[in-house]
Every structure is written in C-alpha cells, then in structure tokens.
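Everything on this sheet refers to the single structure shown next.
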Amino acid sequence: MGTVILGTGSCLPRKALTNFDLEKIVDTSDEWIRTRTGIESRRIGGKGEKTYQIATAAARQALDMAGVAPEEIDLLIVGTISSHMLMPSCACFVQKEIGAVNAFAYDVNAACSGFLYGIDIADKQIRADHDFKVLVIGAETLSSRLNWRDRNTCIVFGDGAGAAVLGHSDDDGRGVIGTNHCSDGRLWQLLYMHNAPSTNPDLLVADNPGVHIVMEGREVFKYAVKAMEDSIVGLFGKTGLTMADVDLIIPHQANMRILKKVAERLEMPEEKVVLNVMNYGNTSAATIPIALDETNRAAMLRPGDTVLFCTFGGGFTWGATLISW
Numbered sequence: 595m596g597t598v599i600l601g602t603g604s605c606l607p608r609k610a611l612t613n614f615d616l617e618k619i620v621d622t623s624d625e626w627i628r629t630r631t632g633i634e635s636r637r638i639g640g641k642g643e644k645t646y647q648i649a650t651a652a653a654r655q656a657l658d659m660a661g662v663a664p665e666e667i668d669l670l671i672v673g674t675i676s677s678h679m680l681m682p683s684c685a686c687f688v689q690k691e692i693g694a695v696n697a698f699a700y701d702v703n704a705a706c707s708g709f710l711y712g713i714d715i716a717d718k719q720i721r722a723d724h725d726f727k728v729l730v731i732g733a734e735t736l737s738s739r740l741n742w743r744d745r746n747t748c749i750v751f752g753d754g755a756g757a758a759v760l761g762h763s764d765d766d767g768r769g770v771i772g773t774n775h776c777s778d779g780r781l782w783q784l785l786y787m788h789n790a791p792s793t794n795p796d797l798l799v800a801d802n803p804g805v806h807i808v809m810e811g812r813e814v815f816k817y818a819v820k821a822m823e824d825s826i827v828g829l830f831g832k833t834g835l836t837m838a839d840v841d842l843i844i845p846h847q848a849n850m851r852i853l854k855k856v857a858e859r860l861e862m863p864e865e866k867v868v869l870n871v872m873n874y875g876n877t878s879a880a881t882i883p884i885a886l887d888e889t890n891r892a893a894m895l896r897p898g899d900t901v902l903f904c905t906f907g908g909g910f911t912w913g914a915t916l917i918s919w
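Numbered per our numbering, the sequence shown spans residues 595 to 919.
Now the structure itself:
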C-alpha cells in the first residue's frame, strides 16, 4: 500500500518547429542538431497556449482518467520556470480554471526536476493523510524564455505540459518505493535564467543578459550524466533494488546524448528506456509527465511494474524516483 498515480494527462501545443524550420532562424542545420541532441522537432506555444492553459488541459485529462473531481483535490503543485506571471503562481491559475476550490496551490521552481520534486511532496502529504489527493503538473512554455539567436539553447527546448493525480491505495505492493533528490547551488552559472531588471537601482544585476536561458552545454552534459547516475545508484542503495528489478525507465528528456550516456553507464536495457526527446525536445519540468502519459495511454504499464524516473535541471537540481505501478 502507498501513494499511487491514479491518472495521467498531457498537452502539447499545436505548432511543431522542425530542425529545418530552425535553419531559417539561426545558424544551424538539421544534421548539426540531430547529431548533438537527437532532437528532430519541438512544439511551440501559440495563442491560447500559455503555460497555465496547457497545464490546465493536461490536468483535466489526468482528472478524467483518475475519475477524480476537481473539488476532491487537496493540493495542486505545478513545476515550472516559465509561468506567464510571477504572481499569482501558475498553480493558482490552474486551480481557478479547473475549479479545484478545496485545494491549496503553489509552484515549484526546480527547473527540469520540478515534476519529480512535486511527486516527492505529494507522497509525503498522502502518507500523512491517506484521504489526501494531489494534482502534480509539469508545464513549460520555454519558447518565451529563449534567445532565438543562441543556437546552443533555442534548438534544444520546447513547450508542453504533463500531469498526474496521486492518492492512496490499499493494494499491497503498489506505491512510491523511494526517492533520492539533490541540489547544488554552487553550479548555478552553468545553467540559469535571469529575472526582469530590478526597478531598484541598488539591486540591479550588472550582467543581466535578459530573461532567457543561458547554458554552458558541455559542462552541463558532464554534470548531468554523473548526477543522474549517482542519484539512481543512491536510490538503489536506499531501497535494496537493482536495475534488474526495474521494468521501465522514464528519464528526463534532456537530449539523446545525455540519455544514452546514462543508459550506458548504468547498463540500462535499451528496450526499457522511454524516449520521446526526438519529437518534443527538452520541455524541462514537463518531459517526464508527458512521457509518462504517453506510456500509460499506450498500455505499456502493468500493475506491479517497477518504474524508475530520473532527472537533472538548472540549480543544479537532480534526482530519481521509484514507483511500483
């Protein structure tokens, strides 16, 4: 018995931006992007597709699958770094849109780790109160936070949202098995995004390049691979499980080279690793819940399956989660 995922949902913007489209915007090529990232296309938000709007669409799907009414949700968490407003939170906008009138709501700013951090929070709330139901969403419109002249970042990121409804189950052998999450603020300058310039001159950041993602790709690659590997090994140490016990692996879809390197170092069976980065790029906090929903709706998850999630994001933040489905 434990905390289980009752339903999943996802939403992807209508517009697809291919590598060939990017060739017309920035100095790059389809071959250059594919060989370095594995990405072929990504979705870009349009009118009516703000972060809270695609988050809302994903949430409604998850609630419908779970058979849970919005009024039954006690806590609503959105992992995002691209809400269309700083205040109110994206979570409060979603709460309004779906009518989750009995929930308290807030955002988690943990970049690509936001969804798994939210799952960890939900698990602890539900363990404390078995009647508790939590809606966790990862949602991003990173197209609004990119320097479209920087080919190191604009080719990588995309927009999307995924959601999961969590609650308690009395079924033996089901639920969150364990989590192992970390962060290291000392490395923030390798992957960051400034806020808007301060209106207080004494608090101005002299080197603020604008409100868009700045990334040292090669350095991030090295840290991401090692961090995800360590978090998974540490989680196995906590739970007593091994890779042989895992039925399916749903990693953060950062780029194909990172994913292949982590899989190689941990001897992950290729057929067990869920990949969709080629279709959507890196949607930060949304990658794992989107991949989870697609996997769930494709009937690739069976009751009792052990599912491994792992992630790495700006901050730095990273971690791993094991769930018995």
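Every residue, glycine too, gets a C-beta built ideally from N, C-alpha and C.
Please name the residue, chosen from I852, E861, V808 and I633, that lies closest to Y817 on a Cα-to-Cα basis.
-> Here residue 817 corresponds to residue number 223 of the sequence shown, with the count starting at 1. Ranking the options by Cα distance to Y817, first place goes to I852.
Take L902 as the anchor and find which of I844, A880 and W912 has the nearest alpha-carbon.
-> Within the sequence shown, residue 902 is the residue found at index 308, counting from 1. Of the listed residues, the one whose Cα sits closest to L902 is I844.
How close, in whole Å, do the beta carbons of A879 and C706 come, if the pair is a contact with beta carbons under 8 angstroms?
-> Along the sequence shown, one-based indexing puts residue 879 at 285. Along the sequence shown, one-based indexing puts residue 706 at 112. Right, their Cβ atoms sit about 6 angstroms apart.
Start and end residues, alpha helix (DSSP H) containing G673 = As a first step, residue 673 is located in the sequence shown; it is residue number 79 there, counting from the start. Taken as a continuous stretch (DSSP letters only), G673 belongs to no alpha helix (DSSP H), being part of the beta strand (DSSP E) at L669 to G673.
C-alpha gap between T631 and V620, whole angstroms = Taking the sequence shown and counting its residues from 1, one reaches residue 631 at position 37. Taking the sequence shown and counting its residues from 1, one reaches residue 620 at position 26. Just so you know, the alpha carbons of T631 and V620 end up roughly 16 angstroms apart.
Are there 16 or more other CB atoms within 10 angstroms of the CB of F910, so buried, or fewer, so exposed?
-> Translated into the one-based positions of the sequence shown, residue 910 becomes position 316. When all chains shown are included, F910 counts as buried.
Counting only runs of 3+ residues fully inside the stretch 678–765, write out the beta strand (DSSP E) ranges in chain order.
-> Runs found: 698–702, 728–735 and 753–763.
Tell me whether R636 sits in a helix, a strand or coil according to DSSP, three-state version.
-> Reading the sequence shown from its first residue, position 42 is the one you call residue 636. R636: strand per DSSP, three-state reduction.
Below 8 angstroms between beta carbons: does that hold for G642 and V759?
-> Counted from its first residue, the sequence shown places residue 642 at position 48. Counted from its first residue, the sequence shown places residue 759 at position 165. No. Outside cutoff.
Reduced DSSP category for P845 - H, G, I as helix; E, B as strand; rest coil = Your numbering for residue 845 matches position 251 in the sequence shown. It is a strand residue.
Coil, strand or helix - A893 by DSSP | As a first step, residue 893 is located in the sequence shown; it is residue number 299 there, counting from the start. Correct three-state label for A893: coil.
Could you give the DSSP three-state label for G596: helix, strand or coil?
-> Taking the first residue of the sequence shown as 1, we reach residue 596 at position 2. In this structure, G596 counts as strand in the three-state DSSP scheme.
When you compare each of G769, A656 and G828 to N890 by their alpha carbons, which one comes out closest?
-> Here the question's residue 890 lines up with position 296 in the sequence shown. The residue with the shortest Cα to Cα distance from N890 is A656.
Under 8 angstroms, do L669 and V728 count as touching if we go by C-beta distance?
-> For the purposes of this step, residue 669 is taken as residue 75 along the sequence shown, with counting starting at 1. For the purposes of this step, residue 728 is taken as residue 134 along the sequence shown, with counting starting at 1. Yes, Cβ-Cβ distance for L669 and V728 is below 8 angstroms.
Residues sharing a beta bridge with I917, DSSP = Taking the first residue of the sequence shown as 1, we reach residue 917 at position 323. Partner(s): V770 and V901.
Closest residue to R721 among E666, G761 and T747 (Cα-Cα distance) = As a first step, residue 721 is located in the sequence shown; it is residue number 127 there, counting from the start. With distances taken between Cα atoms, R721 lies closest to G761.
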